[in-house]
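Each remark here refers to the structure printed beneath this line.
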Amino acid sequence: MDPQEALAILERERARGFDLVVRAETPEAIRDAEIAVLGRKAPYSEVQRSLGSFGEEDRKAVGRVANEVRGALEAAIEARRAEMAAAEEARLLEADRVDVTLPGRRLRPGSLHPVTIVERQVVEIFTRMGYRVAEGPEIEDDWYNYASLNFPPDHPARSMHDTLYVDVPAHPGLLLRTHTSPVQIRTMQAQEPPLYVVIPGRCYRHEEVDPTHLAVFHQVEGLAIDEGLSFSDLKGTLEAFARAMFGPGQQVRLNPTYFPFVEPGAEVEVSCFKCGGEGCRVCGNGWIEILGAGMVHPVVLEAGGYDPERYTGFAFGLGTDRVAMLRYGIPDLRMLQDGDVRFLEAFAGAI
Ligand code: FA5
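Counting along the sequence shown from 1, when you hit position 149 you're at 148 in numbering that gives the first Met the number 0, and nothing is skipped either side.
In structure tokens form, the structure reads like this:
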């Protein structure tokens, strides 16, 4: 190739390049155009490769034109790319355009679950009396759930709770807590007396479910430990709670009962909201048991690291689902877990 030919090729390539760039409609087409006019196999590159065979004057002259052509083509390619990016941005903005004159879509307000509402109410009644809130794990071991609470190994009291075990080979004996009482021990271990705490949480038992029994249910544990606390403090506290929760109309009674971790122990029953105490399908005998309670057993105080010679205390564990049942007249506890939105919506604003 001689210098004249090289100059002619450069002019032709400049025109061809502009044409290709202008007609490119996509980023891929621009890249193809760039390769076609400036790539290794393009006529432009052949010109560059022949520069070495020209005399000095011609090499300078043709080289200058070649640089100019490359600069012009590169600028055109860049400009086309920028144009395309701006068009794409405009397209995206257009696609995102919001018509502010459209009528709004009404949001359906959610509501708290009745068990959550009642749990908060129970906790509030006790925090107003000066109690603090504590929590503990749902997966426990035998010691916290049973042994530390004075359930001897193989004692029949253990069969009062049908336990669900957790199969973790590295940690044998783990279980889903059957009550919130293990947190009594955890709280005593973590805090010095005097202690006034309520402990809300979920519990698990391998139960046959029926209108008053669930396999996954909720309790609020209460624990008060101080010098000189007696059974009448427990009774007064529970009566104050029942009045605040259910109003003065509902009757409350305490029956003696056995729990290994209290002495003496009692269960508290409230007259049935449905039959008023006559006996019906919901309650059986006219009363619904809502909680177990008693004076903390000295063995339990010791397990928690407290001196049973100096301190006494009372504890209770109330069934939050049962309290919700009574509070709202829910005929069957299973309705709390069916997830039927129409049922749950009835509690919107119930706070
Ligand atoms: C206990 O769980 C004792 N830890 C309570 C306790 C604490 C006693 C501190 C003394 C001192 P119980 O198994 O009775 O006791 O359960 C307590 C309450 O939990 C019951 O009164 C009931 O309201 C609720 N409850 C128990 N089992 C279920 C269940 N399967 N479904 C729904 N509620 C239940």
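Even glycine gets a Cβ: it sits at the ideal position worked out from N, Cα and C.
Nearest candidate by alpha-carbon position, reference residue i, set the options
i: residue 160; options: 166, 168, 141 and 169; result: 141
i: residue 179; options: 195, 133, 213 and 173; result: 133
i: residue 345; options: 43, 21, 111 and 93; result: 111
i: residue 9; options: 23, 66 and 54; result: 66
i: residue 235; options: 342, 171 and 315; result: 315
i: residue 137; options: 198, 34, 337 and 250; result: 198
i: residue 294; options: 252, 97, 169 and 263; result: 263
i: residue 3; options: 64, 39 and 32; result: 64
i: residue 217; options: 114, 55 and 211; result: 114
i: residue 32; options: 73, 272, 52 and 60; result: 73
i: residue 287; options: 274, 152, 298 and 139; result: 274
i: residue 23; options: 224, 227 and 82; result: 82
i: residue 297; options: 169, 155 and 312; result: 312
i: residue 428; options: 171, 30, 189 and 337; result: Outside the shown range of the chain, which is 0 to 350, sits residue 428, and nothing can be said about it.
i: residue 300; options: 190, 167 and 282; result: 190
Any non-hydrogen atom of the ligand FA5 within 7 Å of residue i CB
i: residue 320; result: yes
i: residue 223; result: no
i: residue 205; result: no
i: residue 315; result: yes
i: residue 240; result: no
i: residue 178; result: yes
i: residue 292; result: yes
i: residue 300; result: no
i: residue 194; result: no
i: residue 213; result: yes
i: residue 289; result: yes
i: residue 260; result: yes
i: residue 336; result: no
i: residue 264; result: yes
i: residue 332; result: yes
i: residue 220; result: yes
i: residue 150; result: no
i: residue 245; result: no
Reduced DSSP secondary structure (H/G/I, E/B, other) of residue i
i: residue 111; result: coil
i: residue 297; result: helix
i: residue 30; result: helix
i: residue 50; result: helix
i: residue 302; result: helix
i: residue 18; result: helix
i: residue 256; result: strand
i: residue 250; result: coil
i: residue 270; result: strand
Nearest-angstrom Cβ-Cβ length linking residue i and residue j, presumed shorter than 8 Å
i: residue 268; j: residue 254; result: 7 Å
i: residue 149; j: residue 260; result: 5 Å
i: residue 219; j: residue 317; result: 5 Å
i: residue 201; j: residue 214; result: About 11 Å; that fails the 8 Å criterion.
i: residue 304; j: residue 128; result: The Cβ separation is near 25 Å, so there is no contact.
i: residue 46; j: residue 16; result: Contact flag wrong, Cβ pair sits at about 13 Å.
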